[in-house]
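Scroll down for the structure; my scribbles are underneath it.
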Amino acid sequence: MARKRLKAIEADVIDLPVRGTAEDRHFVGALARGLEVLACFRKGEALLGNQEIAARCKLPKSTVSRLTYTLTRLGYLHYVEAVAKYRLGTAVLALGTSMLARLDVRNVARPQMQDLAAFARASIGLGARDRLSMVYVECVRGHATVSLTVDIGTRISVSTSAMGRAFLAACTDEEREPILDEIRALDPPNWPKTRDAIAKAVSDHRTLGCTCSFGDWHETVNAIAVGFRPGGGLPAMALNCGAPSMLCKPDFLLEEVRPRLIVLAQRLEGSMGV
49 MARKRLKAIE ADVIDLPVRG TAEDRHFVGA LARGLEVLAC FRKGEALLGN QEIAARCKLP
109 KSTVSRLTYT LTRLGYLHYV EAVAKYRLGT AVLALGTSML ARLDVRNVAR PQMQDLAAFA
169 RASIGLGARD RLSMVYVECV RGHATVSLTV DIGTRISVST SAMGRAFLAA CTDEEREPIL
229 DEIRALDPPN WPKTRDAIAK AVSDHRTLGC TCSFGDWHET VNAIAVGFRP GGGLPAMALN
289 CGAPSMLCKP DFLLEEVRPR LIVLAQRLEG SMGV
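Taken in order, the sequence shown gives residues 49 to 322; the numbers are from this note's numbering.
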């Protein structure tokens with residue numbers, strides 16, 4: 049039987065601008081706005097116009113026009129004259145490729161992730177935070193007839209995914225609080241429910257050794273995750289194991305996969321040294 053891929057629903061989050069920076073004399077606003085423009089391109093979107101970018105970045109169109117012109121001159125954007133829109137340029141690709149090549153934790157984790165994916169017949173991912181999303185920096189899949197379509201670069205929600213909750217659990221209180229403030233500001237009406245779910249996840253990480261998302265991130269997906277700190281100056285990261293709920297039941301994830309995922313995270317803890 050041919051393998052089917054269940055398309056993952058990515059976090060459709062327009063992250064808020066960096067907060068609390070107006071009074072910081074070291075903060076370069078122009079640079080931040082330029083990076084906001086690059087960050088507003090989402091997976092699956094090849095082209096954006098100045099008007100769309102202005103709406104997403106909450107900036108005047110005249111400001112966006114100057115930013116996109118500058119970024120185009122530097123190679124970070126490419127202007128497609130036929131449709132009067134921009135696409136990400138090769139300079140962005142060079143930055144991303146360089147970063148991934150130097151993220152040594154991926155090389156350490158990949159063989160063990162492949163072994164676990166084969167055992168679980170599920171997807172094993174390694175993720176790092178970007179604002180209010182977790183970004184897959186490595187992903188391997190087990191041999192199942194149906195699997196999640198997640199790849200390097202896929203973004204999922206920090207607040208509802210097992211991976212995001214595991215990252216939050218691995219953070220210190222000082223690191224976690226500003227992120228929670230941004231989550232609350234993004235969706236105030238749902239904050240009490242979100243806050244309680246995150247608090248439970250942090251507690252689960254301490255008692256179970258993992259966080260859980262059984263239909264929370266997406267109703268057809270079950271996942272668990274473990275947060276860890278790789279060392280070497282890198283921030284906290286997280287490993288997850290996820291699969292369509294029809295194939296991967298919570299009991300299997302908690303009883304069979306959880307101990308193996310915890311061991312993998314323990315091997316990566318501090319592995320990057322100083």
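For every residue, glycine included, the Cβ atom is placed at its ideal position computed from N, Cα and C. These numbers come from a predicted model, not from an experiment.
Distance between beta carbons of residue j and residue i, contact taken as under 8 Å
i, j, result
"ILE272", "CYS258", "5 Å"
"SER207", "THR242", "5 Å"
"ARG73", "LEU107", "So it is not a contact: roughly 22 Å between Cβ atoms."
"GLY290", "LEU196", "6 Å"
"ALA157", "GLU186", "6 Å"
Nearest neighbour of residue i, chosen from the options [CA to CA]
i, options, result
"ALA313", "HIS191, THR197, GLY175", "GLY175"
"ARG179", "ARG224, HIS74, ALA78, ASP152", "ARG224"
"ARG308", "ALA166, GLY137, LEU125", "ALA166"
"TRP239", "LYS248, LEU228, LEU96", "LEU228"
"GLU222", "GLY144, PRO283, ASP163", "PRO283"
"VAL140", "ASP163, LEU115, LEU122", "LEU122"
"HIS253", "ARG306, LYS297, ARG154", "ARG306"
"GLY190", "GLY281, ALA87, ALA168", "ALA168"
"VAL188", "ASP199, SER181, LEU115", "ASP199"
"LEU287", "CYS219, GLY173, GLY212", "GLY173"
"ASP299", "PHE262, ILE310, ALA157, MET161", "PHE262"
"LEU301", "MET161, ALA170, ASP235", "ALA170"
"ARG114", "ASP235, ALA78, PRO159", "ALA78"
"THR202", "ALA87, ASN155, LYS91, VAL85", "LYS91"
Alpha-carbon to alpha-carbon, residue j and residue i
i, j, result
"VAL112", "ALA102", "6 Å"
"ILE204", "TRP265", "8 Å"
"LEU125", "PHE89", "11 Å"
"THR255", "ALA132", "54 Å"
"ARG177", "GLU129", "34 Å"
"LEU83", "GLU303", "43 Å"
"ASN98", "SER181", "24 Å"
"GLY137", "TYR184", "21 Å"
"ALA217", "TYR117", "41 Å"
"ALA59", "ILE231", "In this predicted model, ALA59 has a pLDDT of only 46, less than 50, meaning its place in the structure is not dependable; the value taken from the coordinates is given anyway. Distance between the alpha carbons of ALA59 and ILE231: 13 Å."
"GLU267", "SER293", "8 Å"
"GLU100", "PRO236", "25 Å"
"GLY281", "GLY144", "18 Å"
"ILE57", "SER110", "Residue placement at ILE57 is flagged as unreliable, the pLDDT there being 48, under the threshold of 50; the coordinate-derived value follows with that caveat. Cα to Cα, the separation comes out at about 33 Å."
"PRO226", "LEU86", "23 Å"
"MET161", "ASN155", "10 Å"
Contacting residues, own chain, Cβ-Cβ under 7 Å from residue i (five flanking each side not counted)
i, result
"ALA94", "ARG135"
"VAL274", "ALA214, GLY257, CYS258, ALA286, LEU287, LEU309, ILE310, ALA313"
First and last residue of the uninterrupted alpha helix (DSSP H) at residue i
i, result
"GLY290", "No alpha helix (DSSP H) holds GLY290; the beta strand (DSSP E) holding it covers 285-292."
"LYS109", "109-121"
"MET320", "It is not in any alpha helix (DSSP H) - MET320 carries neither H nor E in the DSSP assignment."
"THR259", "First-last for THR259: 259-262, but that is the beta strand (DSSP E), not the alpha helix (DSSP H)."
"ARG81", "77-87"
"ASP252", "239-255"
"CYS187", "First-last for CYS187: 181-189, but that is the beta strand (DSSP E), not the alpha helix (DSSP H)."
Residues near residue i by beta carbon distance below 6 Å, same chain, minus five either side
i, result
"THR120", "TYR127"
"CYS219", "ALA284"
"MET211", "GLY175, MET182, ALA273, ALA286, ASN288"
"ALA50", "With a pLDDT of 43 at ALA50, under the threshold of 50, the modelled position of that residue is not reliable, and the figure given next carries that caveat. No residues qualify anywhere along the chain."
"VAL405", "Here the chain covers residues 49 to 322 and nothing more, so residue 405 does not appear."
Beta-carbon proximity list for residue i, same chain, < 8 Å, skipping 5 on both sides
i, result
"LYS297", "ASN270"
"PHE34", "Since the displayed the chain opens at 49 and closes at 322, residue 34 lies outside it and no answer follows."
Start and end residues, beta strand (DSSP E) containing residue i
i, result
"HIS126", "125-128"
"VAL274", "269-276"
Any non-hydrogen atom of the ligand ATP closer than 8 Å to residue i Cβ
i, result
"THR202", "Looking for the ligand ATP in the displayed structure turns up nothing, as the structure carries no ligands at all."
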